[in-house]
Amino acid sequence: MSWLGGERIDLDECESTNDLALVHARAGAVHGTVITADRQSAGRGRLGRTWASPPGTNLYLSAIVRSPRPLAELAPLTLALGIGVVDAVRAEGVAAQLKWPNDVLVGTRKLAGILCEACPEPGRGNATDSCVVAGIGINVNVRAAELPAEVAARATSIADQRGGPVDRAAFTRGLLATLEPWIDRFLAGGVPAIAAAWEARLATGLTLRTGGHTGTALGLDRDGALRLRDAHGVIHRIHAGDVELA
Ligand code: BTN
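For the sequence shown, this note's numbering begins at 26 and goes up steadily by one.
Listed below in C-alpha cells is the structure:
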C-alpha cells in the first residue's frame with residue numbers, strides 16, 4: 026500500500042514547505058506526510074541559497090520520512106530522491122540526469138533540486154525513529170527566462186524542454202508514485218541498494234569542481250560519497266560541499 030502522500034497538505038502559499046514540514050514533523054506528523062505549496066515566499070536551497078518559487082508554475086514539495094535507522098545513515102536518502110525525480114521527469118519525455126549529490130540537470134542546466142533536512146527532535150509517535158524532511162523543487166511550467174536573472178542562465182524547466190506546459194497535479198501524483206519505491210529501497214538496503222540505479226542516471230562527461238579538486242564524476246562510494254577522477258587519474262572521495270560545473 027502506498028504511504029507517500031497518504032497525508033497531504035496542499036497550500037496556496039507558505040514561506041518554505043521544508044520549514045512547515047519540520048514543524049509538522051515535530052508535532053508528530055506521520056511517515057509519508059507531504060506538504061506542497063503553489064508559491065513559497067522564502068524557498069530555501071542547499072548551502073543557504075534561495076530557491077526561486079514563483080506562483081502557478083512549479084512544484085515545491087516536502088515529505089516527512091521516518092525510519093528506525095540512525096539519522097547519520099539517512100544522509101544518502103537524498104540520492105534515492107534524485108533517482109525518483111529523474112525518472113518522473115523522464116516520464117514527461119525530458120532527458121534529465123543527475124549531478125552529485127542530487128541536482129537534476131538537462132545538459133548543463135538545472136531543472137530540479139533537493140534539500141534534505143534532519144528533524145531536530147524525533148517527535149511523537151515512535152520516539153526512537155529518525156526523521157528527515159525531504160524537500161524537492163522542480164521547475165515544471167516556468168520558463169527559465171522568467172526566473173531571477175542570477176539563475177535564469179543556468180536553469181531550465183520541463184516546459185522549456187517540451188515546448189509546452191504539463192499538468193502539475195498529474196505530474197505530482199506521478200512523482201510521488203515514482204519516488205516511493207526508491208525511498209523504500211534505500212531505507213531497506215542503504216546506498217548499495219540504489220547505487221547502480223543512481224550511477225545509471227549520472228550525467229557523465231561534465232567537468233566538476235569541488236573542494237579544491239577538478240575532475241569528472243565516476244560514481245558513488247559505498248557510503249554515497251562521490252568518486253571524482255582528476256586530470257592526473259587520481260580518484261578523490263567527495264563527502265560534502267558544493268560541486269560546481271567547471
Ligand atoms: C537545491 O539547492 O538544489 C535544493 C532546492 C530545494 C528546493 C525545495 S522547494 C520545496 C522545499 N522547500 C524549500 O524551501 N526548499 C525545498
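The beta carbon of each residue, even a glycine, is placed where N, CA and C say it ideally should be.
Counting only residues of its own chain and dropping the five nearest sequence neighbours on each side, A222 has a CB closer than 6 Å to the CB of I108. Burial check for H264: the Cβ neighbour count within 10 Å stays below 16, so the residue is exposed. For I108, the shortest separation between its Cβ and any heavy atom of the ligand BTN does not lie below 7 Å. In this structure the segment 51–60 does not touch the segment 98–112; the number of beta carbon pairs closer than 8 Å is below three.
Shortest Cα-Cα distance from S66 to any of V55, R193, S155, L36 involves L36.
R252 and L245 do touch by the CB rule: their CB atoms are close to 7 Å apart, below 8 Å. The beta carbon of L243 is closer than 6 Å to those of R252, R254 in its chain, skipping five residues each way along the sequence. In this structure the segment 160–171 lies against the segment 129–147, because at least three pairs of beta carbons, one per stretch, are closer than 8 Å.
In this structure, T241 is the residue among L270, T241, F196 with its C-alpha nearest to the C-alpha of H257. For V129, the enclosing beta strand (DSSP E) has its first and last residue at 128–131. Around the C-beta of T82, 16 or more other C-beta atoms lie within 10 Å, and the residue is accordingly described as buried. In the three-state reduction of the DSSP assignment, R168 falls in the coil class, being assigned neither a helical nor a strand state. Proximity to L72 across A52, R179, E142, A121 peaks at E142, based on C-alpha coordinates. Shown here, G188 sits in coil according to DSSP, grouped into three states, outside any helix or strand.
Taking 7 Å as the cut-off, the C-beta of T203 does not count as close to any heavy atom of the ligand BTN. Beta-bridge partners of L106 (DSSP): none assigned. Using a Cβ distance threshold of 8 Å, V131 and A120 count as a contacting pair. Under DSSP, D35 shares a beta bridge with T61. At least one heavy atom of the ligand BTN lies closer than 7 Å to the C-beta of T42. Within the segment 183–254, the complete beta strand (DSSP E) runs of at least 3 residues fall at 232–235, 238–245.
Taking C-beta separations shorter than 7 Å and ignoring five residues to either side along the sequence, the partners of V176 in its chain run A77, following chain order.
In this structure G68 is in contact with Y85, their Cβ atoms being roughly 6 Å apart against a cut-off of 8 Å. Here I219 is buried. Its C-beta has 16 or more other C-beta atoms within 10 Å.
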